[in-house]
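Protein chains in written order, with my numbering: chain U, 173 to 537; chain G, 173 to 537.
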């Protein structure tokens with residue numbers, strides 16, 4: 173078993189953790205670019221806590237609040253230009269995966285001129301703005317990964333910039349920013365965190381450490397299933413989901429994601445299906461496929477989910493998620509073909525065939 | 173629960189991992205100081221693998237092989253002077269905890285002039301030689317911790333330099349270097365790894381992540397108890413112990429050690445009792461003390477040890493370890509007093525009284 177493991181991000185957590193760790197923020201620079209979406213960081217209080225703390229520290233800042241869901245390449249170049257304009261020497265982001273992923277690309281592009289055609293090349297200078305991230309959904313784990321996943325219109329999918337340079341310096345986790353998340357967002361993001369843990373267990377790069385973290389993440393999400401469904405999560409449960417999301421991030425930082433994500437990107441790109449939802453729709457049937465060749469690994473997942481079978485898991489996901497319209501045969505064929513080409517497929521413990529992916533896509537939606 | 177977690181060291185593992193990761197070593201510098209003890213790194217093949225790989229990379233090196241068990245302050249100043257003399261721009265270490273701990277202090281002192289009276293101050297410039305470590309015992313986990321523990325004759329104990337600067341850049345783990353370890357060393361170091369995991373569970377800084385890693389470490393060591401006792405460990409089991417040791421290191425990097433280590437330092441300093449053995453002798457009775465106030469945590473430890481009671485654990489340790497001569501009443505009093513002053517005590521989930529420590533010391537030896 174491969175035992176490589178690397179997550180250089182410092183994680184701090186707890187109520188008021190932005191303010192309590194202001195000393196760590198003070199070390200990061202003089203002028204911050206704060207990356208957010210248009211609304212949520214203002215509503216949930218995270219932006220206020222950040223700006224109050226930076227002000228207290230005597231640090232200046234500007235806010236770039238133009239990041240949309242599934243951020244585009246144009247958006248991150250615009251953010252980087254703004255970072256340069258204001259002379260930002262560090263970057264903060266408050267938001268979900270889209271915000272943090274955009275923040276990472278902005279941090280990279282603010283310090284080096286990379287033409288668009290080389291953005292996903294993997295060849296970068298060792299120069300990036302230091303980053304401190306505040307996740308406000310519990311799904312992506314982007315605060316502890318080296319990935320920035322962007323909408324890539326040329327490749328007609330989502331593509332990741334993947335480099336250890338993109339590990340944030342600091343992750344600041346406070347469950348209170350998630351207390352007013354819409355029900356659908358809560359469910360979809362929790363399933364996203366779960367998918368990271370599950371794909372990590374089914375990765376050919378799984379190790380003792382990633383298995384530890386992944387199974388704990390699975391247990392934490394599973395312990396919240398009932399209250400996710402009923403939208404009755406307590407602050408403690410929100411915090412557990414935030415931990416699960418971070419654990420999932422640490423897992424995929426080392427294992428990568430696999431076929432579920434590879435297929436899910438098409439559902440998001442072409443059908444505008446939320447990322448976590450896309451993964452959740454596909455996960456049950458992917459596990460059923462893997463069960464033949466990886467029964468031990470599937471058993472590990474099910475025992476931590478406290479579920480008797482893959483079909484019970486598929487049913488549970490169906491209860492948690494809103495199923496969108498089905499796909500045409502042409503769409504199924506196209507998405508399976510695109511998925512087979514995705515980088516993520518190299519992480520599969522057992523490599524699915526294109527016809528397997530067609531079957532999963534067809535039956536899942 | 174506190175959820176801070178930080179281990180920036182990159183861990184790679186497997187058969188031939190020094191050679192296979194020579195690209196990572198190539199990035200570290202031009203001239204290495206290789207820190208070892210007098211004999212073991214030569215016998216177990218690790219030094220040869222390092223020098224072969226550096227030569228293949230076109231990197232130059234010199235060997236400093238003067239580190240003794242429980243390294244002295246004089247030794248690390250001597251090593252640092254040698255590092256400066258040869259113009260080392262990175263440091264490798266191959267050995268057990270003593271070697272790695274000395275290596276860290278040498279890496280620090282090679283880059284900044286710190287007078288002896290300020291060596292343990294915690295105030296250092298951000299400047300240290302990059303380090304790549306090859307552990308050749310499975311106990312200390314020093315390859316993933318920010319601690320350098322040195323023999324401090326002024327304080328009549330072992331004292332740690334503790335700073336995030338001391339996290340090695342790279343840990344290279346290969347179980348084959350441990351195949352010919354003496355039986356006593358194997359047992360004592362395995363118990364040391366176990367003590368890190370157990371003290372981590374009983375720390376007031378324990379978190380979801382450290383609990384995950386600690387309980388896995390406990391399970392791995394427990395799965396080897398029989399073969400440690402019989403000295404019949406396979407290479408796979410050696411590898412499991414090396415993983416357990418690394419997990420224990422990641423745990424104490426975040427939780428610190430506690431009362432067992434605080435007391436153990438006196439047994440090592442005054443009675444020359446091996447560090448792992450010292451911890452092992454004291455651990456059973458420390459758990460018995462903690463059981464009153466922390467029964468849930470003790471239950472977590474016992475369930476992962478697959479043992480029914482603390483007394484069963486104490487008996488098992490007695491079978492694994494060689495018990496030295498008892499202590500005089502004067503020694504018991506002195507060691508308890510010194511332990512109460514140790515920095516480690518601040519990490520105890522429940523603070524023992526000095527009379528508790530006297531009782532543990534008296535009954536354990």
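Every residue gets a Cβ at the ideal spot worked out from N, C-alpha and C, and that includes glycine.
Residues in its own chain within less than 7 Å of residue 409(U) by CB, not counting five upstream and five downstream? 396, 399
Based on DSSP bridge pairs, tell me the residues matched to residue 306(U). 266(U)
Delimiting residues of the alpha helix (DSSP H) encompassing residue 222(U): 218 to 228
Is the shortest distance between the beta-carbon of residue 139(G) and the beta-carbons of chain U less than 8 Å? Outside the shown range of chain G (173 to 537) lies residue 139(G), about which nothing can therefore be said.
For a test of the three-state rule: what should DSSP assign to residue 204(U), helix, strand or coil? strand
What in chain U is Cβ-close to residue 534(G), meaning under 7 Å? None at all; the shortest Cβ gap to chain U is about 37 Å.
State the Cα-Cα distance for the pair residue 462(G) and residue 484(G), rounded to the nearest angstrom. 16 Å
Is the Cβ of residue 388(U) closer than 8 Å to any Cβ of chain G? yes
Would you say residue 349(U) reaches chain G, if we count a Cβ-Cβ gap shorter than 8 Å as a contact? no
Are there 16 or more other CB atoms within 10 angstroms of the CB of residue 403(G), so buried, or fewer, so exposed? exposed
Considering only their Cβ atoms, is the gap separating residue 321(U) from residue 291(U) smaller than 8 Å? no
Does the Cβ-Cβ distance between residue 367(U) and residue 308(U) come in under 8 Å? no
By the criterion of Cβ-Cβ separation under 7 Å, what are the contact partners of residue 384(U) in chain G? 384, 385, 388
What number of angstroms, rounded off, separates the C-alpha of residue 466(U) from the C-alpha of residue 458(U)? 12 Å
Can you check whether the C-beta of residue 345(G) is within less than 8 Å of a C-beta belonging to chain U? yes
Residue 308(G) CB to nearest chain U CB: under 8 Å? no
Contact test: residue 326(G) Cβ vs the ligand MN heavy atom, cutoff 7 Å: No copy of the ligand MN occurs in the structure displayed, which carries no ligand at all.
Are the C-beta atoms of residue 440(G) and some chain U residue less than 8 Å apart? no
Let's test the definition: count the other Cβ atoms within 10 Å of the Cβ of residue 240(U) and tell me whether it reaches 16, buried, or not, exposed. exposed
Residue 433(G) and residue 503(G) - do their beta-carbons sit closer together than 8 Å? no
Using only the alpha-carbon positions, how far apart do residue 441(G) and residue 326(G) sit? 12 Å
With a threshold of 8 Å between beta-carbons, can residue 182(G) be considered close to chain U, or not? yes
Buried or exposed by the 16-neighbour rule on C-beta atoms within 10 Å, applied to residue 353(G): buried
Close beta carbons around residue 450(U), own chain, < 6 Å, minus the five adjacent residues each side: 436, 439, 440
Check distances from the C-beta atoms of the stretch 299 to 333 of chain G to those of chain U and list, in chain order, the residues that come in under 7 Å. none
Here's the rule: buried if 16 or more other CB atoms are within 10 angstroms of the residue's CB, otherwise exposed. What is residue 299(G)? exposed
Taking buried to mean at least 16 other C-beta atoms within 10 Å of its own C-beta, is residue 480(U) buried or exposed? exposed
Per-residue burial, residue 486(G) [other beta carbons within 10 Å of its own, 16 or more giving buried]: buried
Between 246(G), 218(G), 361(G), 369(G), which lies nearest to residue 187(G) when the distance is taken from Cα to Cα? 218(G)
State yes or no: is the beta carbon of residue 458(G) nearer than 8 Å to at least one beta carbon in chain U? no
Contact check, residue 190(G) vs residue 306(G) under 8 Å by CB: the rounded distance? 7 Å
Leaving aside the five residues before and after residue 262(G) along the sequence, list all residues of the same chain whose C-beta is less than 6 Å from its C-beta, in chain order. 200, 201, 204, 301, 302
May I have the straight-line CA-CA distance separating residue 315(G) from residue 296(U), to the nearest angstrom? 28 Å
Determine the extent of the alpha helix (DSSP H) in which residue 512(U) is found, giving its start and end residues. 501 to 513
For the alpha helix (DSSP H) containing residue 430(U), list its first residue and its last residue. From DSSP, residue 430(U) is part of no alpha helix (DSSP H); its letter is neither H nor E.
Identify every residue that forms a DSSP beta bridge with residue 342(G). 182(G), 304(G)
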